[in-house]
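Asker: Take 1 as the starting number for the sequence shown in full-length UniProt numbering and just add one per residue.
No residue lacks a Cβ here, since even glycine has one placed at the ideal position from N, Cα and C.
None of the values given here were measured: they were computed from a predicted structure.
Take a look at the following structure, please.
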Amino acid sequence: VTLQCANISILENKLCHWAYPGHISDSMLCAGLWEGGRGSCQGDSGGPLVCNGTLAGVVSGGAEPCSRPRRPAVYTSVCHYLDWIQEIMEN
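What follows is the structure in structure tokens.
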């Protein structure tokens with residue numbers, strides 16, 4: 001198993017909703033390159049999305065085949081669950 005890294009961008013929520021109408025909730029975010037060619041793929045689920053050294057998301061899904069134009073990868077937003085994470089860690 002080889003650890004891999006790619007420089008991608010967290011995309012605006014409106015692009016995420018446009019790419020996957022009716023399937024994106026407030027607890028999700030999209031990242032990748034809008035023009036395609038780079039992003040997470042099958043087997044990456046559960047992997048981290050790190051922004052400036054901070055965990056921002058966890059890979060949860062996306063389109064097949066991977067890294068298609070206008071079909072970014074979908075992540076669970078860590079920020080959305082931060083209060084819950086802190087509560088669990090304190091207990």
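(1) In three-state terms, what does DSSP make of Ile8?
(2) Can you give me the start and stop residues for the alpha helix (DSSP H) that Ala19 sits inside?
(3) Using a 10 Å radius around the Cβ and a threshold of 16 neighbouring Cβ atoms, would you call Met89 buried or exposed?
(4) If you count every other CB in all the chains shown that lies within 10 Å of the CB of Ser40, and 16 or more means buried, which is it?
(5) Taking the beta strand (DSSP E) that Leu3 falls in, what are its first and last residues?
Answerer: For this structure:
(1) coil
(2) 13–19
(3) exposed
(4) buried
(5) Premise fails: Leu3 is in no beta strand (DSSP E) and is neither H nor E.
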